[in-house]
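Quick note: the sequence shown uses my numbering, first residue 17, plus one each step. Backbone N, C-alpha and C fix where the C-beta goes; we use that ideal spot for every residue, glycine too. Keep in mind that this is a model prediction, so the values were computed, not measured. Scroll down for the structure; my scribbles are underneath it.
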Amino acid sequence: MSKQMSESELILNPDGSVYHLHLLPSDIAETIFLVGDPERVHEVSIHFDTIEVKKAHREFVTHTGTYQGSRFSVLSTGIGTDNIDIVLNELNLLFNADLSARKFYPKRKSIRLVRLGTSGTVNPEWKPGKVVLSKEAIGLDGLAWYYGFDSRSIAAHFSKMTNWSVLLAKPYVIEASSLLLNLFSSRFETSTTLTCTGFYHPQGRSLESDSSLPITSETLLKAGIGNLEMETSGIYLLAQYFGFEALSVNALLANRSTGEFHPNPASVVKEMIQSALDIMATSDKAS
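Now the structure itself:
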């Protein structure tokens with residue numbers, strides 16, 4: 017085993033659960049659907065045949081149960097890659113550490129993470145209601161540089177096409193799990209996803225004043241971007257770091273190029289959830 021982690025680094029709750037998620041290793045399945053909105057957890061688990069675990073702390077809500085014979089969990093992450101940093105680190109602890117001994121196991125376990133999220137598109141040909149897969153994600157948050165990723169991860173083409181400011185964190189690019197992408201790609205089209213650090217100015221939205229960033233729909237299209245959201249690059253980055261499989265499935269609700277917004281977002285999300293559950297359950301039966 018590895019060196020023992022101190023109490024200030026590995027913080028546990030009185031019941032032995034991990035600090036933010038309030039989960040024990042037995043509470044979580046090896047296939048986990050990640051959603052941003054805590055209320056969306058129920059929208060996924062309502063399809064489960066059985067539910068064995070329901071836990072919640074802050075914005076982190078977890079339901080674990082079975083669907084068509086497969087054990088699945090659904091977990092809400094909240095918004096942004098800062099929350100993703102918390103969630104994936106604590107998932108890694110749950111699967112790869114002896115919490116009572118405060119040490120990592122010598123042999124690592126991999127898990128499958130499927131983000132079920134909403135997103136906006138800059139492609140004028142993509143109508144709101146379409147679902148796309150993030151084949152790769154470009155992160156604007158700088159998280160990669162805290163985890164030792166090197167210059168090979170720099171999103172050079174994106175930086176050049178957007179004339180990216182040297183005052184901002186260097187954009188990085190991370191690919192999806194090829195294993196999970198292959199499972200879903202016969203059903204959905206793929207996209208290069210831009211993970212932004214905020215919802216308003218960081219995505220080029222102008223309310224009281226204009227955003228100072230060169231993020232227009234036209235510029236992003238030229239840079240190869242298909243959709244924008246706020247979590248995927250962090251999920252892909254840390255999944256790669258910990259040896260997990262990860263895929264982001266995006267329901268496109270808004271088109272930033274045409275100004276359209278889907279009139280019934282709930283129906284789009286519901287269809288996406290059902291498709292993802294069926295694909296993962298079918299994969300389990302085939303393996």
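Taking the alpha-carbon positions, what's the residue i to residue j distance?
i	j	result
N112	I127	10 Å
Y216	L269	16 Å
S273	L115	49 Å
S7	D53	Outside the shown range of the chain (17 to 303) lies residue 7, about which nothing can therefore be said.
S225	K176	25 Å
L156	T211	6 Å
T235	T178	6 Å
L237	S207	11 Å
I102	G94	10 Å
T66	I241	39 Å
N99	S233	27 Å
N108	I295	24 Å
Given residue i, which residues of its chain have a CB within under 6 Å of its CB, disregarding the five upstream and five downstream residues?
i	result
R124	N112, G259
R131	L50, I251, S264
Y257	Y163
Who are the near neighbours of residue i in its chain, counting only those whose CB is closer than 8 Å to its CB and skipping five residues on each side?
i	result
A255	L104, L129, S193, E261, A262
I170	K186, P187, Y188, V189
R221	F215, S227
When you compare the CB positions of residue i and residue j, do they come within less than 7 Å of one another, or not?
i	j	result
D43	V69	yes
P187	L110	no
T209	S150	yes
N266	P144	no
S299	L199	yes
E205	V148	yes
A45	R87	yes
V90	V57	yes
What residue range is occupied by the uninterrupted alpha helix (DSSP H) comprising residue i?
i	result
G250	248-258
N243	It is not in any alpha helix (DSSP H) - N243 instead sits in the beta strand (DSSP E) that spans 243-245.
S264	Here S264 belongs to no alpha helix (DSSP H); instead the beta strand (DSSP E) covers 261-271.
H79	Segment 76-83 is the beta strand (DSSP E) holding H79; no alpha helix (DSSP H) there.
A172	172-178
State the start and end residues of the unbroken beta strand (DSSP E) segment that holds residue i.
i	result
E191	188-191
F9	The structure shown has nothing for residue 9, since the chain only spans 17 to 303.
F49	47-51
S150	147-155
P210	One detail in the question is off: residue 210 reads as Leu in this sequence, not Pro. Residues 205-211.
Report all residues from its chain with a CB closer than 7 Å to the CB of residue i; omit the five preceding and five following residues, and keep chain order.
i	result
Q219	C212, I231, L244
Segment contact, 8 Å Cβ cut-off, at least three pairs: the segment 57-72 with the segment 18-32: no
Contact between the segment 161-173 and the segment 77-88 (3+ Cβ pairs under 8 Å): no
Sufficient close CB pairs (3 or more, under 8 Å) joining the segment 277-294 to the segment 234-250: no
Three CB pairs or more closer than 8 Å across the segment 166-185 and the segment 285-299: no
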